[in-house]
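K.L.:
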Ligand SMILES: Nc1ncnc2c1ncn2[C@@H]1O[C@H](COP(=O)(O)OP(=O)(O)OP(=O)(O)O)[C@@H](O)[C@H]1O
Ligand SMILES: [Mg+2]
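Protein chains in written order, with the numbering used here: chain A, 87 to 578; chain B, 161 to 396.
(1) Give the residues whose C-beta lies closer than 6 Å to at least one heavy atom of ligand 1, in chain order.
(2) Ligand 2 heavy atoms versus the CB of residue 366 of chain B: any closer than 8 Å?
(3) Is residue 317 of chain A helix, strand or coil by DSSP?
(4) Considering just the uninterrupted stretch of the alpha helix (DSSP H) at residue 271 of chain A, what are its terminal residues?
(5) Confirm the yes/no value for this check: CB of residue 247 of chain B, any heavy atom of ligand 4, distance under 8 Å.
(6) I'd like to know if residue 96 of chain A contacts chain B, where contact means its C-beta is closer than 9 Å to some C-beta of that chain.
(7) Should residue 359 of chain B go down as buried or exposed, given a rule of 16 or more other Cβ atoms within 10 Å for buried?
(8) Excluding the 5 residues flanking residue 228 of chain A on each side, which residues of the same chain have their C-beta closer than 7 Å to its C-beta?
(9) Would you mind stating whether residue 485 of chain A and residue 504 of chain A have Cβ atoms separated by less than 9 Å?
(10) Say whether chain B places a C-beta atom closer than 9 Å to the C-beta of residue 409 of chain A.
(11) Can you pull out the residues from the segment 234-247 of chain B whose beta carbon lies closer than 8 Å to at least one beta carbon of chain A?
(12) Using the DSSP secondary-structure output, state which residues sit across from residue 227 of chain B in a beta bridge.
(13) Given 8 Å as the limit, tell me if residue 334 of chain B has its C-beta closer than that to any heavy atom belonging to ligand 2.
(14) Say the cut is 8 Å; is the CB of residue 565 of chain A nearer than that to a heavy atom of ligand 2?
(15) Can you find a CB in chain B that lies within less than 9 Å of the CB of residue 432 of chain A?
(16) Is residue 361 of chain B buried or exposed, if buried means 16 or more other CB atoms sit within 10 Å of its CB?
(17) What residues match up with residue 607 of chain A in a beta bridge as DSSP calls it?
(18) Between the C-alpha atoms of residue 241 of chain A and residue 201 of chain A, what's the straight-line distance to the nearest angstrom?
(19) My guess is that residue 245 of chain B and residue 211 of chain B are in contact by the Cβ rule of under 8 Å, so how many angstroms apart are they, rounded?
(20) Name, in chain order, the residues that DSSP records as bridge partners for residue 371 of chain A.
(21) What is the C-beta distance between residue 443 of chain A and residue 101 of chain A, in whole angstroms, given that I count them as a contact (C-beta under 8 Å)?
(22) Does the Cβ of residue 440 of chain A lie closer than 8 Å to at least one heavy atom of ligand 2?
(23) DSSP on residue 469 of chain A, reduced to helix/strand/coil?
(24) Going by DSSP, which residues form a beta bridge with residue 378 of chain B?
(25) Compute the beta-carbon to beta-carbon distance between residue 334 of chain B and residue 258 of chain B, rounded to the nearest angstrom, for a pair I have assumed lies under 8 Å.
(26) What I want to know is whether the C-beta of residue 327 of chain B ends up closer than 8 Å to one or more non-hydrogen atoms of ligand 2.
(27) Whose Cβ in chain A lies nearer than 7 Å to the Cβ of residue 217 of chain B?
(28) Applying the 10 Å Cβ sphere with the 16-neighbour rule, what's the burial state of residue 414 of chain A?
(29) Less than 9 Å separating the beta-carbons of residue 278 of chain A and residue 193 of chain A?
(30) For the 8 Å Cβ check, are there 3 or more pairs between the segment 264-284 of chain B and the segment 416-432 of chain A?
(31) Closest to residue 336 of chain B by CA distance: which of B/312, B/276 and B/306 is it?
(32) To the nearest angstrom, report how far apart residue 320 of chain A and residue 378 of chain A are at their CA atoms.
(33) Determine the contact status of residue 470 of chain A and residue 508 of chain A, defining contact as a CB-CB distance below 9 Å.
(34) Look at the alpha carbon of residue 340 of chain B and the alpha carbon of residue 260 of chain B, and state the distance between them as a whole number of angstroms.
(35) State whether the segment 217-227 of chain A contacts the segment 287-294 of chain A, with contact taken as three or more CB pairs (one from each stretch) at a distance under 8 Å.
(36) In whole angstroms, what is the alpha-carbon distance linking residue 222 of chain B and residue 571 of chain A?
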């Protein structure tokens, strides 16, 4: 009822007609078209940019979460004992799915073929079964992860000399492996410490252990794949002379969001005994471990939103200037309408409506464009050749032909068909051109630009943009409404 | 005959702020008194720039006087609020201007109907009465044409039709034939007289044309901002 009243009202009739303006004033209708375009492009970029950033953040989170513990628990003083008791306690906390013991440290590495130390990697001593419950470890290993009893291990033991003892198997980060040109079955030396040579104190013994690479770990997160190796928990304890000690408990919670709540509970309920003293554990959640990154993303989003808000603002200025011109152009008509008894309010509404129509069309088109491109960026379908995009020339030719033969301009249905054709062709061209974007995984930790549309945000952007457009109409509309009718009639 | 319109001691002074910083008030109307009977045709004569259009606008409620009052059916319209005055213009008055002042974006039919839409009358009824009016002014076959596609005389007919849509009691015409040739003028005037005759509309006509003025029921002259002897014809 309300809507039909608006659609049949005098104000609607006049404002929509003025936007479509005929002939002499076709200048105005081109300007209003440009204003629509301004709003549309603003909205489309906002949606696109924010969706890409959301997608980036989300896929980073997903990536972090597939191979990371939600909460890490450490003692304040290095290693701690009777960890099984603590793990049981932690597992008793509501919201905790599982907890696993780890010895975590950094070791120098040297491939057997190489003559020098090739840098350091983080070595996690783990119980593969428990680790799997917390971080989904097994899903990322290409090869075996049975550190003690592997066919590969036996094979290497047979081949190597008697003097070389093989400590066990190691699962090596795939990027480390390719960087050092190591394959499964190769031997890698881990240097755990240096001790002064009692005979000659200026030289050192290196405590070197040999490990056979039994599997490669590939999570897709370059920072991990390029920095980690996994060995058995017992072997690690042996390596550091820390029998029955660990220095890290990894915890998986039911959902990643509750990680910090669980961390607080753990700090309240767990006390580690440490050389007789009890200490509160240190905890860090997955968010805290990447705090800098997430804060950076958040800041970047904020800056983007501000810039986009400015784009919309510019678009709304565009609407305002279009309307100001329209008011000038229509001054005499405003006088006529006033002489026929339309109130100031009606004149005001006419121009507010025009601005709102421009804003609304821009928002609808922009949202369609932005969402469309987002969907296409995420769509894994083989597209027609990019050459098909040249179909864009079909409607252009048609329009030129029509412009040359002004006679057909009267045909409304033809005009409608041409607009539909334009829409269809533009959609098809976008379909051909917009494809998922590959990105450099070493820089971005991800190998594909992800897109995530936040519908709530789209709604908020649409609403606030419409509101801004509405505000932009007020000044010109008010100018129009306060024109003196007699002077307006006199206006040439 | 009853008094439809009574103008009492009407003053209008323009304070022209556009020329220089010193504002020089232009006193156009200096106490105008007129009475107009229901069903009458009144001619207002006067030299150019004497304030005929100004007076017509004040009678029709398009502008506010500096002082004085205009009574329409014994109610002082300039005591009305702006909104009430808008409504008055919409329903009780029909303006016809020298240059047709049609809306270029609207068809002949729509130009006529728009006053009814402003009054928020039923849309389809408004359009059907607009059609009747179009028939009355003899342009029913041009209903979908835009003003730019009509001749001067046809445009003025549409303008007359537009003034009729809300069946106003009074038609205010400001040199309605000023832009037309003799033959077309005659047709337009016939139409206006017919309005008066058959529809009993009161007609106030501003004109330079003495010949035309002679055909009216009564003539008033404006000289120096006042009405002079109402039946005397001053040669200009
Ligand atoms: N807004 C205004 N500001 C200042 N002066 C004005 C304004 N409007 C009209 N005038 C002056 O008021 C006087 C009367 O103008 P008006 O249009 O009523 O004359 P008119 O009798 O209708 O003349 P014409 O026969 O040429 O149409 C003129 O001198 C005009 O310059
Ligand atoms: Mg005049």
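Each residue gets a CB set at the ideal place from its N, CA and C atoms; glycine is no exception.
Note that the coordinates shown come from a computational prediction; the quantities given were computed from them, not determined experimentally.
P.N.:
Straight from the coordinates:
(1) That query returns the following residues: A/573, B/174, B/176, B/186, B/188, B/206, B/208, B/209, B/210, B/211, B/212, B/213 and B/214.
(2) Counted from its first residue, the second chain places residue 366 of chain B at position 206. Yes, the Cβ of residue 366 of chain B comes within 8 Å of a heavy atom of ligand 2.
(3) In the first chain, counting from the first residue as 1, residue 317 of chain A sits at position 231. The answer is strand: DSSP assigns residue 317 of chain A an E or B state.
(4) To locate residue 271 of chain A, count along the first chain from 1; it is residue 185. Here residue 271 of chain A belongs to no alpha helix (DSSP H), and DSSP marks it neither H nor E.
(5) By its list of ligands, the structure shown excludes ligand 4, since it contains just ligand 1 and ligand 2.
(6) In the first chain, the residue the question calls residue 96 of chain A occupies position 10. Judged by the 9 Å Cβ criterion, residue 96 of chain A is in contact with chain B.
(7) Start at 1 with the first residue of the second chain, and residue 359 of chain B comes out as number 199. Exposed is the call here.
(8) As a working note, residue 228 of chain A is residue 142 in the first chain. Residues 301, 302 and 304 of the same chain have their beta carbon placed closer than 7 Å to that of residue 228 of chain A, with the five preceding and five following residues left out of the count.
(9) For this step, residue 485 of chain A is matched to residue 399 along the first chain. For this step, residue 504 of chain A is matched to residue 418 along the first chain. In contact: residue 485 of chain A and residue 504 of chain A (Cβ atoms closer than 9 Å).
(10) Taking the first chain and counting its residues from 1, one reaches residue 409 of chain A at position 323. The Cβ of residue 409 of chain A sits no closer than 9 Å to any Cβ of chain B.
(11) Result list: 242, 243, 246 and 247.
(12) Numbered from its first residue, the second chain carries residue 227 of chain B at position 67. When DSSP reads this structure, residue 227 of chain B sits in a beta bridge with B/171.
(13) Here residue 334 of chain B corresponds to residue number 174 of the second chain, with the count starting at 1. For residue 334 of chain B, the shortest separation between its Cβ and any heavy atom of ligand 2 lies below 8 Å.
(14) Mapped onto the first chain, residue 565 of chain A falls at position 479. No - ligand 2 has no heavy atom lying nearer than 8 Å to the Cβ of residue 565 of chain A.
(15) In the first chain, residue 432 of chain A corresponds to position 346, counting from 1. Output row for residue 432 of chain A: interface = yes.
(16) Residue mapping note: residue 361 of chain B aligns to position 201 of the second chain, counting from 1. Flag for residue 361 of chain B reads buried.
(17) As displayed, chain A neither begins before 87 nor continues past 578, which places residue 607 of chain A out of reach and without an answer.
(18) Along the first chain, read from residue 1 onward, the residue named residue 241 of chain A stands at position 155. Along the first chain, read from residue 1 onward, the residue named residue 201 of chain A stands at position 115. Their backbone Cα atoms lie some 24 Å apart in a straight line.
(19) Indexing the second chain from 1 puts residue 245 of chain B at position 85. Indexing the second chain from 1 puts residue 211 of chain B at position 51. The C-beta distance from residue 245 of chain B to residue 211 of chain B rounds to 20 Å, too long to meet the 8 Å contact threshold.
(20) Residue mapping note: residue 371 of chain A aligns to position 285 of the first chain, counting from 1. Per DSSP, A/157.
(21) For the purposes of this step, residue 443 of chain A is taken as residue 357 along the first chain, with counting starting at 1. For the purposes of this step, residue 101 of chain A is taken as residue 15 along the first chain, with counting starting at 1. Indeed, because the Cβ distance is near 7 Å, the residues count as touching under 8 Å.
(22) Translated into positions along the first chain, residue 440 of chain A becomes position 354. False, no ligand heavy atom lies under 8 Å from that Cβ.
(23) The residue you call residue 469 of chain A lines up with position 383 of the first chain. Residue 469 of chain A: coil per DSSP, three-state reduction.
(24) Locating residue 378 of chain B in the second chain gives position 218, where the first residue counts as 1. Partner(s): B/202.
(25) As a working mapping, residue 334 of chain B is identified with position 174 in the second chain. As a working mapping, residue 258 of chain B is identified with position 98 in the second chain. Confirmed, about 6 Å.
(26) The sequence position of residue 327 of chain B within the second chain is 167, counting from 1. Not so, every heavy atom of ligand 2 lies at least 8 Å from the Cβ.
(27) Taking the first residue of the second chain as position 1, residue 217 of chain B is located at position 57. Result: 572.
(28) Position 328 of the first chain holds residue 414 of chain A. Exposed, since its Cβ has fewer than 16 Cβ neighbours within 10 Å.
(29) Indexing the first chain from 1 puts residue 278 of chain A at position 192. Indexing the first chain from 1 puts residue 193 of chain A at position 107. The answer is yes: Cβ separation under 9 Å.
(30) With the rule of 3 Cβ pairs closer than 8 Å, the segment 264-284 of chain B counts as touching the segment 416-432 of chain A.
(31) The residue given as residue 336 of chain B occupies position 176 in the second chain. For the residues B/312, B/276 and B/306, the minimum Cα distance to residue 336 of chain B belongs to B/312.
(32) The sequence position of residue 320 of chain A within the first chain is 234, counting from 1. The sequence position of residue 378 of chain A within the first chain is 292, counting from 1. Rounded to whole angstroms, residue 320 of chain A to residue 378 of chain A spans 34 Å at the Cα level.
(33) Numbered from its first residue, the first chain carries residue 470 of chain A at position 384. Numbered from its first residue, the first chain carries residue 508 of chain A at position 422. The Cβ atoms of residue 470 of chain A and residue 508 of chain A lie no closer than 9 Å to each other.
(34) For the purposes of this step, residue 340 of chain B is taken as residue 180 along the second chain, with counting starting at 1. For the purposes of this step, residue 260 of chain B is taken as residue 100 along the second chain, with counting starting at 1. Cα to Cα, the separation comes out at about 11 Å.
(35) Counting Cβ pairs under 8 Å, fewer than three are found: no touch.
(36) Taking the second chain and counting its residues from 1, the one referred to as residue 222 of chain B is at position 62. Taking the first chain and counting its residues from 1, the one referred to as residue 571 of chain A is at position 485. Each residue's Cα considered, the two are about 7 Å apart.
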